[in-house]
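Here the protein sequences line up with chains A and B, keeping their order.
Throughout the first sequence, residue numbering follows this note's numbering, covering 143 to 420 in sequence.
Throughout the second sequence, residue numbering follows this note's numbering, covering 36 to 230 in sequence.
Where a beta carbon is used, it is the ideal one built from N, C-alpha and C, also for glycine.
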Amino acid sequence: MADKRKRHRVLPGFGLSMGYTLIYLSLIILIPIAVLFLKASTISLAEFWDTVTEARVVASYKLTIYTSFIAAFVNAIFGTLIAWVLVRYDFYGKRIIDALVDLPFALPTAVAGIALTTIYAPNGWIGQYFESIGIKVAYTPLGIMIALTFIGLPFVVRSVQPVLQDLDQQYEEAAATLGANPLQIFAKIIFPAIFPATLTGFALAFARALGEYGSVVFISGNMPMKTEIVPLLIITKLEQFNYAGAAAIAVVMLVFSFVLLFLINFWQWKTTKKYQVS
Amino acid sequence: MKSDVSVITPNPKTSGGARWNYLAAWGYALEQNNGDEAKAKEFVTKLFKNVPVLDSGARGSTTTFVERGIGDVLIAWENEAFLALNELGKDEFEIVVPSISILAEPPVTVVDENAKKHETEEVAKAYLDYLYTDEGQEIAAKNYYRPRSEEAAKKYAKQFPEIRLFTIDEVFDGWKNAQKTHFDDGGVFDEIYKP
Chain A
143 MADKRKRHRV
153 LPGFGLSMGY
163 TLIYLSLIIL
173 IPIAVLFLKA
183 STISLAEFWD
193 TVTEARVVAS
203 YKLTIYTSFI
213 AAFVNAIFGT
223 LIAWVLVRYD
233 FYGKRIIDAL
243 VDLPFALPTA
253 VAGIALTTIY
263 APNGWIGQYF
273 ESIGIKVAYT
283 PLGIMIALTF
293 IGLPFVVRSV
303 QPVLQDLDQQ
313 YEEAAATLGA
323 NPLQIFAKII
333 FPAIFPATLT
343 GFALAFARAL
353 GEYGSVVFIS
363 GNMPMKTEIV
373 PLLIITKLEQ
383 FNYAGAAAIA
393 VVMLVFSFVL
403 LFLINFWQWK
413 TTKKYQVS
Chain B
36 MKSDVSVITP
46 NPKTSGGARW
56 NYLAAWGYAL
66 EQNNGDEAKA
76 KEFVTKLFKN
86 VPVLDSGARG
96 STTTFVERGI
106 GDVLIAWENE
116 AFLALNELGK
126 DEFEIVVPSI
136 SILAEPPVTV
146 VDENAKKHET
156 EEVAKAYLDY
166 LYTDEGQEIA
176 AKNYYRPRSE
186 EAAKKYAKQF
196 PEIRLFTIDE
206 VFDGWKNAQK
216 THFDDGGVFD
226 EIYKP
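So this is what it looks like as structure tokens:
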């Protein structure tokens, strides 16, 4: 028989908090998205299809998705490394570095974009050295990736950091006493523990990058077919008062992002479960 | 047009200034080719093939050109070009004035419904009138905008190089048509970038 006694809860009952959750999500997320779908549905299906499959739009999906993916991937690796350094080592100025990690959140993205372009332009501090070996950074997909890496970094660090902090070092010591080498300790003890958090950070950084506009338009060069991101095309449509066209592209991006995030979250949920059982 | 001269101009899809630039080039080519539309399109296509960076706004293009040192030519408003020259020194850049260009007349108007609602009709109208007083026109001229009043135009004639100007109504039959033919989706500008 199930236990009939009510468990003590901090917040008032399930009904109230669930109701609040639903209303809140509706107001903040679902209703605006519903309006977006409504707007996109004002054009015929043929028009919708033509808009979202135009060569330039398709090129921009590809660009946005692959630059976002690479940026999030780079962040997943180096963000985890930064989190590791911040949790496991004590050094002078650690708190300052810790605070630095959040800067990409605080900085207006346009400022970030202009600053990055200044540095990575062919005559910029860093850009000139790349230029001298024949690599163009600003005004190429590479520049877009740098901007997206910049804005996505805090997501991974802040996802992994608390998990690492909670990870008891005794497990590693126990593994070592049982004869595990450092590589085994990392692969069998540390990695499984932080991997779900890294995945969460990756998903957040990736999602953020898909929608990023402010920083990218300055560094991308906005060349049709080459460096035009999806959000720019949406703005382009808005400038022509083509609201339905803008909404159509947004809907495609939204559905794609949702499916992708759902899959990543599902994967994350599975890995968490797998390691929890043992 | 030389193919090795790279040109900086913003994206006409997102920037109003860029639309003026585009139309100026189109009008210039029409004039040079006795009104041949196909030749004009060819000219503008060639022009945009030489654009390495399409910024989303005119100020962005100025930054790209001036600060980043990208491109050989920046297409800019006359007043912006003078300002840039003043800011950065006359030895840095040279202003090249085309023989024919477009007369860009940004509109100014009182939106009476809004003004009525805010009860600011009087001030709004006063401001509008002030723009066309001698004083207002002088301020405009000092900031490198071509004045409309004859007196101010005469006084500052030396400042502005002689140039033949056509209006958007003469060549493109107004903004509405220009937007539709050239800048709307599937318009002439899109054809330039068709893969």
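For L120(B), there is no enclosing beta strand (DSSP E); the residue is found in the alpha helix (DSSP H) stretching over E113 to L123.
Here the segment 54 to 62 of chain B makes no contact with the segment 381 to 388 of chain A; the two share fewer than three CB pairs at distances below 8 Å. Counting only Cβ-Cβ distances below 8 Å, N46(B) has contacts in chain A at N364 and T378, in chain order. Using a Cβ-Cβ cut-off of 9 Å, Y281(A) counts as an interface residue toward chain B, since at least one Cβ of chain B sits closer than that to its own.
Residues of chain A with a Cβ closer than 9 Å to the Cβ of G104(B) are, in chain order, A263, P264 and N265. Comparing C-alpha distances from K81(B) to each of E129(B), D39(B) and E113(B) shows the shortest one belongs to D39(B).
Under a criterion of Cβ atoms nearer than 8 Å, the residues of chain B adjacent to Q382(A) are, in order, K48, Q214, F218, D219 and D220.
R199(B): member of the beta strand (DSSP E) spanning R199 to F201, first to last residue. Of the candidates Q307(A), Y208(A), Y281(A) and G276(A), Y281(A) places its Cα closest to the Cα of I261(A).
Interface with chain B (9 Å Cβ-Cβ cutoff): R198(A) is included.
Any Cβ of chain B closer than 9 Å to the Cβ of F360(A) would place that residue at the interface, and such an atom is present. For the pair F360(A) and D90(B), the CB atoms are nearer than the 9 Å cut-off.
Under the 9 Å criterion on CB atoms, I277(A) is classed as non-interfacial with respect to chain B. Distance from the Cα of T99(B) is smallest, within the candidate group V42(B), K84(B) and H217(B), for V42(B). Neighbourhood of L89(B) in chain A, by CB distance below 8 Å: G363, N364, M365 and P366, in chain order. The three-state reading of DSSP puts I137(B) in strand, counting E and B together. Rounded to whole angstroms, the gap between the alpha carbons of R350(A) and L205(A) is 15 Å. Leaving aside the five residues that flank L346(A) on each side, the residues in its chain whose CB is nearer than 6 Å to its CB run, in chain order, F297. Under the three-state reduction of DSSP, V42(B) is assigned to strand. For T260(A), the enclosing alpha helix (DSSP H) begins and ends at T251 to Y262. Judged by DSSP secondary structure, M160(A) falls within the alpha helix (DSSP H) whose first and last residues are F156 to L167. Contact holds between the segment 386 to 394 of chain A and the segment 174 to 181 of chain A, because three or more Cβ pairs, one in each stretch, are under 8 Å apart. Looking at the DSSP output, V79(B) sits in no beta bridge, so it has no partner there. For D225(B), a Cβ of chain A is located within less than 9 Å of the residue's own Cβ.
Rounded to the nearest angstrom, the Cβ distance from I105(B) to P87(B) is 6 Å, consistent with a contact under 8 Å.
For T260(A), the C-beta contacts it makes with chain B under 8 Å involve E102 and R103, in order along the chain. A straight-line Cα-Cα distance of about 55 Å links I336(A) and L118(B). In this structure, the CA atom of A318(A) is about 13 Å from the CA atom of I332(A). In the DSSP assignment, the residues bridged to L109(B) are I43(B). Close partners of Y228(B) in chain A (Cβ separation under 8 Å): R198, P366 and M367. Here the segment 359 to 373 of chain A lies against the segment 189 to 205 of chain A, with 3 or more beta-carbon pairs under 8 Å apart. By the CB criterion at 9 Å, A213(B) and I203(B) fall inside the cutoff. Residues P182, R183, S184 and A187 of the same chain have their beta carbon placed closer than 7 Å to that of Q172(B), with the five preceding and five following residues left out of the count. Annotated as distal: T195(A) and A386(A), with beta-carbon spacing of 9 Å or more.
DSSP places W191(A) in the uninterrupted alpha helix (DSSP H) bounded by L187 to T195. Each of A161(B), V223(B) and F128(B) was checked against the Cα of V143(B), and the nearest Cα belongs to A161(B).
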